[in-house]
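The next block holds one structure in the form of structure tokens; read it before the comments.
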């Protein structure tokens, strides 16, 4: 593995040559150095690690089946005319603001455009999911704690008769 | 005791950073990785890798039993916890001691003393280090009583919090009751400890910290860092040494850090954080970070000291190799944290697969990253992708070099905060130096 000092050293040598690009390849990595097009000089680096992970068998039992990686529930045919609430981003879906507390909504709940219906945790940040439409919850498509993809349908709502 | 096999209990750029120093020292490395990281760059670079659990941090990197079992199963003789996760967990330090594994960090007693933020305040006071006006409060009524002397705004902080987590700002008396309920509930859920304390909110303060290295007896300081460019109490740009700070005030701050470090018989690498009111020539103790920090490279660049190598030596029982007189600060260093955050959408996190990763290179340029084309940024952990670090003869030259580096930086596949960094580097107020912790919020509001 090269250090930044190694890369500086290589570039000091290259700076004195007309070379604009250097590809360095070993069994462990490939490093591409390119002279940057701007007149102020400078270089860019791109790195590819080529070694494969050498995974040791864990002594601990290969524990819990990962609920997070379970295949998404089969998509069910949408109820005719139902509205959908979709995940605004990828992450972990939670029905309640915190463990042991009542869920934001349940089947039968009436929601407005700005009602928070769930949260999705992404990169340690809790993101509120707003209904975005008015309606009554008729189907919950994802279980609490499941991983969800962006745009995945989280719940379906029946439109409110106006 | 010589370290022959090191277990790295972390992920991302810091795991790779630790692997690099260990491998240069001829230490065999084993990385503990979650399901989400078994194919990551650190997993490929480590001599060996072992699965510690499921992708969710609570079931892997935060699972003390799983981490310890993995370290024991590979017969590691030392464990480096990195930052975040279990790095400041006294129970892990104790469990390592019991298992005959060297914990690369302070003693369990020190971790306990500074992990309880209220106890840390008391240690600081006892060492003669000024603390922000405030104190422990056990009830809303007591809190209201204290307000009479403090005045608004204040911060309600979790005793078990730290690193910018677990604090709430209260602007006026009308909000106090509601914020009190939220703060205590949050402290209980997030840190398993409902205790809170209150501190006056210093709005125009600078965040300045001092890097320490000690072996339990000898102690040295490696200068200051300024980390005032923050968003929601999370640091974004750091520099060393702290700019536009008089030599006299710098001296008082580093002396205070040393006094606290000595009182704690500090062993390992640690940072004492201060809030500095430069206009009034005053400073207050904030907290001790008893671990390697994200921003450690700026100190390494100006001192030439490999902090991770020193951590490993201290853990192995080698007496401190540095003396204060040998430490000299050379030039100026800056670090920009490149996060997977979408500048267009209120800094929303942006996990996904990186399709292109071009970073700057050249004299005085260092990039600490675990990201390359094809890397997956999982949604389970924090959003730090890379740290662009530059070193130059003075601050002006470092700023220019950083601006060039940011221009050369190209990442695709996930949204990154590089445009925000470019904006800050072009901003006159930041270039003048000495911005306070409210700076970034004002800059973004002015957009």
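Protein chains in written order, with the numbering used here: chain A, 319 to 480; chain B, 3 to 449.
From the three backbone atoms N, C-alpha and C, an ideal C-beta is built for every residue, glycine too.
**Asked** Between which two residues does the alpha helix (DSSP H) harbouring residue 368/A extend?
**Response** From DSSP, residue 368/A is part of no alpha helix (DSSP H); its letter is neither H nor E.
**Cβ pair residue 437/A, residue 405/A closer than 8 Å** = no
**Prompt:** Taking the continuous alpha helix (DSSP H) assigned at residue 51/B, which residues delimit it?
**Reply:** Looking at the DSSP string, residue 51/B is not in any alpha helix (DSSP H); the run it does join, the beta strand (DSSP E), is 50-55.
**Request:** Mind the definition here: the region 361-371 of chain B touches the region 257-269 of chain B only if three or more C-beta pairs lie below 8 Å; say whether that holds.
**Result:** no
**Request:** Use the C-beta contact count for residue 306/A: other C-beta atoms within 10 angstroms, 16 or more gives buried, fewer gives exposed.
**Result:** Nothing can be reported for residue 306/A: it is not among the residues displayed for chain A, which extend from 319 to 480.
**Prompt:** Span of the beta strand (DSSP E) holding residue 237/B?
**Reply:** 236-242
**Prompt:** Can you give the beta carbon distance from residue 136/B to residue 47/B, rounded, assuming they're within the 8 Å contact cut?
**Reply:** The pair is not a contact, with the Cβ atoms about 45 Å apart (cut-off 8 Å).
**Prompt:** In the structure shown, what three-state DSSP assignment does residue 399/B receive?
**Reply:** helix
**Item:** Cross-chain neighbours of residue 343/A in chain B, by beta carbon under 7 Å
**Value:** Correct list: empty, because the minimum Cβ distance to chain B is about 14 Å.
**Message:** So that I know if they touch, is there some Cβ in chain B lying closer than 8 Å to that of residue 413/A?
**Reply:** no
**Request:** Output the distance between the C-alpha atoms of residue 432/A and residue 416/A, rounded to the nearest integer angstrom.
**Result:** 20 Å
**Request:** State yes or no: is the beta carbon of residue 385/B nearer than 8 Å to at least one beta carbon in chain A?
**Result:** yes
**Asked** Are the C-beta of residue 333/B and some C-beta of chain A separated by less than 8 Å?
**Response** no
**Prompt:** How long is the line joining the alpha carbons of residue 462/A and residue 349/B, rounded to whole angstroms?
**Reply:** 26 Å
**Three-state secondary structure assigned by DSSP to residue 168/B** = strand
**Request:** Could you name the residues of chain B that residue 325/A contacts, counting a contact when the two beta carbons are closer than 7 Å?
**Result:** 363
**Prompt:** On the premise that residue 335/B lies in contact with residue 304/B, defined as a C-beta separation below 8 Å, what is that separation, rounded to the nearest angstrom?
**Reply:** 5 Å
**Request:** Would you kindly check if the distance between the Cβ of residue 365/B and the Cβ of residue 326/A is under 8 Å?
**Result:** yes
**Request:** Say whether chain A places a C-beta atom closer than 8 Å to the C-beta of residue 322/B.
**Result:** no
**Prompt:** Going along chain A, which residues have a C-beta under 7 Å from residue 338/B?
**Reply:** Under the 7 Å cutoff, chain A gives no residues; its nearest Cβ is about 15 Å from residue 338/B.
**Request:** Output, in chain order, the set of chain A residues within a Cβ distance shorter than 8 Å of residue 423/B.
**Result:** Simply none; closest approach about 16 Å.
**Prompt:** Can you list the residues of chain B that residue 336/A reaches, using a CB-CB cut of under 8 Å?
**Reply:** Within 8 Å Cβ-Cβ: nothing; residue 336/A doesn't reach chain B, min ~17 Å.
**the region 403-417 of chain B contacting the region 350-360 of chain B, beta-carbon criterion three pairs below 8 Å** = yes
**Request:** Kindly list, in the order they appear in chain A, the residues whose Cβ is closer than 7 Å to that of residue 41/B.
**Result:** 371
**Request:** For the region 235-255 of chain B and the region 203-217 of chain B, state whether three or more C-beta atom pairs, one from each stretch, are separated by less than 8 Å.
**Result:** yes
**Asked** How would you write the range of the beta strand (DSSP E) that residue 362/B sits in, first residue to last?
**Response** 358-363
**Item:** Residue ranges of each beta strand (DSSP E) within the region 307-361 of chain B, 3 or longer
**Value:** 334-341
**Sequence-distant residues of the same chain with beta carbon closer than 7 Å to residue 68/B, five excluded per side** = 54, 55 and 62
**Asked** Are there three or more Cβ pairs, one per stretch, closer than 8 Å when the region 462-479 of chain A is compared with the region 5-21 of chain B?
**Response** no
**Request:** With DSSP as the reference, label residue 383/A as helix, strand or coil.
**Result:** Below a pLDDT of 50, predicted positions are generally treated as unreliable, and residue 383/A, at 39, falls in that range; no measurement from the model is reported.
**Message:** Spatial neighbours of residue 368/A within its chain, please: C-beta separation below 7 Å, excluding the five flanking residues on both sides.
**Reply:** 345, 346, 347 and 348
**Prompt:** Which residues mark the beginning and the end of the beta strand (DSSP E) in which residue 30/B is found?
**Reply:** 30-36
**Prompt:** Hey, quick one: how far does the alpha helix (DSSP H) through residue 21/B stretch, first residue to last?
**Reply:** 14-26
**Whole-angstrom distance between residue 421/A and residue 322/B, CA atom to CA atom** = 54 Å
**Message:** By the DSSP assignment, the alpha helix (DSSP H) with residue 287/B in it spans what residues?
**Reply:** Element bounds for residue 287/B: not the alpha helix (DSSP H) but the beta strand (DSSP E), 284-291.
**Amino acids of chain B, ordered along the chain, whose beta-carbon sits closer than 8 Å to that of residue 364/A** = 359, 360, 361, 374 and 375
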